[in-house]
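Working notes for the structure below.
Residue numbers (this note's numbering): 898 to 1206.
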């Protein structure tokens, strides 16, 4: 079954709010797209539409958090991480307010909306802010678990969700622990470290590589910050080579985080697959992924290349 992570977010939010009356939701006039409308339908008195005023929405969320509420502020990732960056930095993260920011429609799979709406820098921006937790779940089931974990965590959290439907890799009720990655396939020839929608293509690539005699380990890193450095360094020591895969710029995202960890802890070859310092463009999601090399085929090609080193 395929579902978009944004859809899972809306359903999970309405579900966990049943047992937590401190949860409130804010949106910047995009509730049908971010799926926070699911919460609005069940709890209209706890839903606040800030209008097309993202910076103001974050300020409102910070104020609500100061009173003991747990606000989830939803909008497109481009407008959350980009337009409201200063408010997130100074009003939420600096005083360590208990605000959860959910950036929907992330990455190039927004598709036809084009470069202006394709947030390929949001992980980098949010990761650079002190006190901020950054989560990028790989499927709908993991998203639901991540939303619950974020609600229970005391402090600022950024959750990245997407528009494109993806296959579920986790069983319902799976455990989610902030700051912990997971090994989805064992292997010792190299490690493929992926996040978000790229986890499934990493698994598919590993299956094809096994037919070519390459036993690749596949690691799902859904918490970009704090990074599970112990798991990454274990892969570096045992596999010797790493490929990172993300639907995000290779500057400042998962690839950068992994490279920083191994550079300091156990230097190995790291090859980064993602958007390579360019803007997106309008097109169908599958076509754009192919255009920017974020595919199973490119993972396999990179793996074959470094296996010879």
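For glycine and all other residues, C-beta sits at the position ideal for the given N, C-alpha and C.
Test item: CB-CB of residue i and residue j under 9 angstroms
i, j, result
"residue 1080", "residue 1116", "yes"
"residue 1027", "residue 996", "no"
"residue 1090", "residue 1006", "no"
"residue 1061", "residue 1011", "no"
"residue 1102", "residue 1196", "yes"
"residue 1173", "residue 1063", "no"
"residue 1058", "residue 1154", "no"
"residue 1030", "residue 979", "no"
"residue 931", "residue 1002", "yes"
Residues of its chain near residue i, where Cβ-Cβ distance is below 6 angstroms and the 5 sequence neighbours each way are ignored
i, result
"residue 998", "970, 977 and 1055"
"residue 1053", "989, 990, 996, 1028 and 1029"
"residue 1105", "1197"
"residue 1156", "1167"
"residue 1133", "1159, 1163 and 1165"
"residue 972", "925, 927 and 951"
"residue 1185", "1005"
Sequence-distant residues of the same chain with beta carbon closer than 8 angstroms to residue i, five excluded per side
i, result
"residue 1149", "1018, 1020, 1021, 1022, 1024 and 1025"
"residue 1087", "1111, 1113, 1114, 1136, 1137, 1138, 1139, 1140, 1200, 1203 and 1204"
"residue 1152", "1141, 1143, 1167, 1169, 1170 and 1171"
"residue 1181", "1008 and 1009"
"residue 1207", "Because the chain here runs from 898 to 1206, residue 1207 falls outside it and cannot be looked at."
"residue 1176", "1012, 1015 and 1017"
Residue from the options with nearest C-alpha to residue i
i, options, result
"residue 1014", "1178, 1183, 963 and 1131", "1178"
"residue 1168", "1206, 1175 and 1181", "1206"
"residue 1072", "935, 913, 955 and 1039", "1039"
"residue 1128", "1163, 1107 and 1098", "1163"
"residue 1048", "929, 915, 1191 and 927", "915"
"residue 981", "994, 958, 964 and 951", "951"
"residue 1193", "1147, 1094 and 1175", "1094"
"residue 1036", "1157, 985 and 904", "904"
"residue 983", "1000, 955, 1003 and 1001", "955"
"residue 1158", "1181, 1175, 985 and 1131", "1131"
"residue 985", "1004, 963 and 958", "958"
"residue 1189", "1108, 1004 and 928", "1004"
"residue 1078", "1119, 1107 and 936", "1119"
"residue 918", "902, 936, 929 and 1133", "936"
"residue 994", "1108, 1016, 963 and 902", "963"
"residue 1147", "1191, 1108, 1187 and 1133", "1191"
"residue 1016", "1187, 1145 and 1175", "1145"
"residue 1000", "944, 1107 and 902", "902"
Integer-rounded CB distance, given that residue j should sit under 8 angstroms from residue i
i, j, result
"residue 1097", "residue 1066", "6 angstroms"
"residue 1033", "residue 1121", "6 angstroms"
"residue 933", "residue 907", "6 angstroms"
"residue 946", "residue 926", "6 angstroms"
Close Cβ partners of residue i (< 7 angstroms) along its chain, the five nearest in sequence each way excluded
i, result
"residue 1069", "1038"
"residue 961", "921 and 968"
"residue 898", "1065"
"residue 1100", "1081, 1082 and 1115"
"residue 1187", "none"
"residue 1108", "none"
"residue 944", "922, 936 and 937"
"residue 1183", "none"
Any 3 or more C-beta pairs closer than 8 angstroms across the segment 1068-1084 and the segment 912-923: no
Given 8 angstroms, three or more beta-carbon pairs between the segment 1041-1050 and the segment 987-994: no
Cβ pair count under 8 angstroms reaching 3, the segment 1157-1172 against the segment 1124-1144: yes
At least 3 beta-carbon pairs within less than 8 angstroms: the segment 925-941 vs the segment 907-914: yes
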